[in-house]
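Colleague:
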Amino acid sequence: MIKVNIASKSFGTTAILRDIQFEVAAGETVAIVGRSGIGKSTLLKLIAGTDTHFTGTINCSKSKAIVFQEPTLLPWRTSLQNITLVHETLSVSEAREALARVGIAGKDDMFPGQLSLGQQRRLSLARAFAGRPEVLIMDEPFVSLDSETANEMVSLTEILIRDTRPATIFVTHSEDEAQRLGDRVLTLSGSPATLL
Amino acid sequence: MTIRILSLFALLALWVVAATLTADPQILPMPTALAGPFWSELTSGDLPYHLAMTALRVAWAFLLAMSIGLILGLLMGIFPGIDKWLDPWLVVFLNLPALVLIVLCYLWIGLNETAAIIAVTLNKIPNVTTIIREGGRALDPNLAAMGKVFAMRRRPYLRHVILPQIAPFIAAAARSGIAVIWKIVLVVEFLGRSDGIGFQIHLYFQLFDVAMVLVYSLSFIAVMLLVEWLFLQPWERRTRRWREA
Chain E
470 MIKVNIASKS FGTTAILRDI QFEVAAGETV AIVGRSGIGK STLLKLIAGT DTHFTGTINC
530 SKSKAIVFQE PTLLPWRTSL QNITLVHETL SVSEAREALA RVGIAGKDDM FPGQLSLGQQ
590 RRLSLARAFA GRPEVLIMDE PFVSLDSETA NEMVSLTEIL IRDTRPATIF VTHSEDEAQR
650 LGDRVLTLSG SPATLL
Chain D
3 MTIRILSLFA LLALWVVAAT LTADPQILPM PTALAGPFWS ELTSGDLPYH LAMTALRVAW
63 AFLLAMSIGL ILGLLMGIFP GIDKWLDPWL VVFLNLPALV LIVLCYLWIG LNETAAIIAV
123 TLNKIPNVTT IIREGGRALD PNLAAMGKVF AMRRRPYLRH VILPQIAPFI AAAARSGIAV
183 IWKIVLVVEF LGRSDGIGFQ IHLYFQLFDV AMVLVYSLSF IAVMLLVEWL FLQPWERRTR
243 RWREA
């Protein structure tokens, strides 16, 4: 589902990533860890296809979904529209079901700004899983949540991944999150960063 | 709303005081002295005709300037390469006096309607472009990434992701645009048209008829206030609905 073979990635003359090869199979979850600023988010951007300036190849299914550090919702559209506008083939009842699965049933007509941060993250998860993606990319999806909410969100994500079975790659700073969600943990280290 | 009405009444009171102190209706007539000339122009059909001609020119120039400025501004805001190329042009046109463009358009195209509307449009495009460019620069890269990863189609992406982000900039450009455009239209009419509010002001300026100059200019200000209250402000409120929810 995801096959990464990056020879190098640089910003200007500064090399960020070098010689990174790994694969993520369907239904497998891989956690990427490493110190801040090492290039974890850059690696995710390359896999997501939002940054195409690198040397190497990445083969990845086109059926992708992403969960950002921030919820990254459309604040001018309702919760339901945040799902239906992104997944046009989804019916309204299916979108409502996606909201219910993440525990925000009945918030259909509320704008993201009317939801708590925890609820916004749930909406972001609902949007990601609603289209039943083959590849799921998550960039520190539980950062800046209190420990109780973060724990709930990790549990919820575990259930959603189990039900949907995408090839999942996610970045985290939390050892606990990496162990709970990841089938494998990959560590980025060095400068330019490579896999240990 | 009450404060706005009170504020307008305060302006009216200031006018009355100034007219009293001047004590010369030929220099500054009392507001009540305009009622007669206003009614006679209205019933003769002259005022509605000239108002309509000016409104038509304003509408054309507004639509053209907003459309072209929107496209140029977005291109310059999103693509730094295009911005580098077009920014010097923008600076030149921003600093080119309105009068120069008007005179050149009349000289090159002729004293006709096309030249009048092009002159006004060219005067306003740089301003709209500058405001929309800021909107283009402020677009959220994470939302762009979201749209790309979820493979949103171009049309819904433009409508639901891009347009709402630049809506406040469009509203700002529209509101400042309409105010500037009608003033430039008046200059264009003053210099080279045979109808419209600007032409009438020119006519009564030559006759030194301050009352008629005020009747025509205040009538058009009233029309523009109606446009602002009936169209621009409700549209702006609608685009901001999600912020106030």
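Respectively, the protein sequence lines represent chains E and D.
If you count the first sequence from 1, position 151 lands on 620 in the working numbering, and the numbers rise without skipping.
If you count the second sequence from 1, position 12 lands on 14 in the working numbering, and the numbers rise without skipping.
Note that CB positions come from ideal geometry on N, CA and C, so glycine has one too.
The model shown is predicted, which means the values in this text are computed figures rather than measured ones.
1) Should residue 490 of chain E go down as buried or exposed, given a rule of 16 or more other Cβ atoms within 10 Å for buried?
2) I want to verify the contact list: residues of chain D whose CB lies under 9 Å from the CB of residue 517 of chain E, in sequence order.
3) Using a beta-carbon distance cut-off of less than 9 Å, what residues from the segment 49 to 82 of chain D approach chain E?
4) Going by beta carbon distance, what residues of the same chain come within less than 8 Å of residue 31 of chain D, once the five residues before and after it are set aside?
5) Cβ of residue 610 of chain E within 8 Å of Cβ of residue 484 of chain E?
6) Just the Cα atoms here: how many angstroms apart are residue 114 of chain D and residue 60 of chain D?
7) How far does the beta strand (DSSP E) with residue 474 of chain E in it reach, from first residue to last?
8) Out of D:85, D:223, D:210, D:245, point me to the one whose CA is closest to residue 28 of chain D's CA.
9) Give, in chain order, every residue of the segment 545 to 576 of chain E whose Cβ lies closer than 8 Å to some Cβ of chain D.
10) At a Cβ cut of 7 Å, what residues of the segment 221 to 244 of chain D count as close to chain E, listed as they run along the chain?
11) If you draw a straight line from the C-alpha of residue 566 of chain E to the C-alpha of residue 663 of chain E, how long is it?
12) Note down, in chain order, all residues in the segment 162 to 182 of chain D with a beta-carbon under 7 Å from any beta-carbon belonging to chain E.
13) Does the contact criterion of 3 or more C-beta pairs under 8 Å hold for the segment 536 to 548 of chain E versus the segment 594 to 609 of chain E?
14) Within the same chain, show all residues whose beta-carbon is closer than 7 Å to that of residue 515 of chain E, passing over the 5 residues directly before and after it, in chain order.
15) Between the C-alpha atoms of residue 138 of chain D and residue 584 of chain E, what's the straight-line distance to the nearest angstrom?
16) With a threshold of 8 Å, are at least 3 pairs of Cβ atoms found where one atom belongs to the segment 171 to 183 of chain D and the other to the segment 546 to 561 of chain E?
17) Using 8 Å as the limit for Cβ to Cβ distance, is residue 611 of chain E near chain D?
18) What residues from the segment 32 to 49 of chain D come within 9 Å of chain E, judged by C-beta to C-beta, listed N to C?
19) What is the residue span of the alpha helix (DSSP H) that residue 20 of chain D lies within?
20) Closer than 8 Å, CB to CB, is residue 582 of chain E near chain D or not?
21) Is any beta-carbon of chain D found at less than 8 Å from that of residue 491 of chain E?
22) Does the CB of residue 158 of chain D have a neighbour CB from chain E at under 8 Å?
23) Can at least three beta-carbon pairs, one atom from the segment 92 to 103 of chain D and one from the segment 125 to 141 of chain D, be found at a separation below 8 Å?
24) Residues in the same chain with beta-carbon distance under 6 Å from residue 194 of chain D, minus the five sequence neighbours each way, listed in chain order, please.
25) Cα separation between residue 227 of chain D and residue 89 of chain D?
Modeller: In short:
1) exposed
2) 147, 150, 151
3) none
4) 21, 212, 213, 216
5) no
6) 15 Å
7) 471 to 480
8) D:210
9) 545, 546, 550, 554, 555, 556, 557
10) 244
11) 41 Å
12) 162, 163, 166
13) yes
14) 475, 478, 523, 527
15) 27 Å
16) no
17) no
18) none
19) 4 to 24
20) yes
21) no
22) yes
23) yes
24) 108, 113
25) 33 Å
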